[in-house]
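Engineer: Let me begin by handing over the structure; questions about it come next.
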Amino acid sequence: MTARDTGTHVTTDTVLVRAEGDVDEEALAYVRAKVDAALGRPGLPAVSGEVRITRAQAHHSDQPWSAGAEITVGSTLVVVHAREASAHELADRLQERLRSQADQVAHRADAARRSATPPPWRGGPPVGPTQTEATDG
């Protein structure tokens, strides 16, 4: 049994895209391309995980397409869910959410809370002119 037979495909080396229900190849290929675009960018840490695409069998459903993604970006788990009326809308929404969550994880270290310099009485640098500068002038 191949990945095509089971409805799975590996994107960006370690992200698996799975289809459940009545999902055609064109829709699945579009979703794969969007996931690759969102997660296959330079500057992101190692990415791995799974994306599940499902089409509901009920004809009365307003949004029969749904997706769930559990992606590990670096050491952080990113979980994204989306529901839409068509496969293309679902793929676009999924890409938007994956990209924003991955960007937050990638840039979290840049915006991490940094401690302030300790005051002089706790071993920090002295404030104002040093003793030698005050006596020299």
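In terms of the numbering used here, the sequence shown has 66 at position 36, counting the first letter as 1, and numbering is strictly consecutive. C-beta atoms are modelled at their ideal positions from N, C-alpha and C, and glycine is treated no differently.
On a CA-only basis, which of Gly51, Pro72 and Ala76 is nearest Thr102? Give me that one, please.
Structural biologist: The option with the nearest alpha carbon to Thr102 is Ala76.
Engineer: Give the secondary structure of Ala76 by DSSP, where H, G and I count as helix, E and B as strand, and everything else as coil.
Structural biologist: The answer is coil: DSSP assigns Ala76 none of H, G, I, E or B.
Engineer: Is DSSP giving Ala121 helix, strand or coil here?
Structural biologist: Note: Ala121 maps to helix in three-state DSSP.
Engineer: The beta strand (DSSP E) with Ala112 in it runs from where to where?
Structural biologist: From DSSP, the beta strand (DSSP E) with Ala112 extends over Thr106 to Glu114.
Engineer: Tell me where the alpha helix (DSSP H) around Arg62 begins and ends.
Structural biologist: That run of the alpha helix (DSSP H) goes Glu55 to Leu69.
Engineer: Does the separation of the CB atoms of Arg82 and Arg48 fall below 8 Å?
Structural biologist: Yes.
Engineer: Can you give me the Cβ contacts of Gly73 inside the same chain, cut-off strictly under 7 Å, excluding the 5 residues immediately before and after it?
Structural biologist: Hits under 7 Å: Ala136.
Engineer: Excluding the 5 residues flanking Ser96 on each side, which residues of the same chain have their C-beta closer than 6 Å to its C-beta?
Structural biologist: Result list for Ser96: Thr84 and Arg113, in chain order.
Engineer: Any idea what DSSP makes of Ala132, helix, strand or coil?
Structural biologist: It is helical.
Engineer: If distances are taken between C-alpha atoms only, which option among Ala121, Arg127 and Val109 comes closest to Leu58?
Structural biologist: When only C-alpha atoms are compared, the closest one is Ala121.
Engineer: Helix, strand or coil for Arg85? Go by DSSP, reduced to three states.
Structural biologist: Reduced to three states, the DSSP call for Arg85 is strand.
Engineer: In three-state terms, what does DSSP make of Arg138?
Structural biologist: Coil, per DSSP.
Engineer: Need the endpoints of the beta strand (DSSP E) that Ala146 sits in, please.
Structural biologist: No beta strand (DSSP E) holds Ala146; DSSP gives it neither H nor E.
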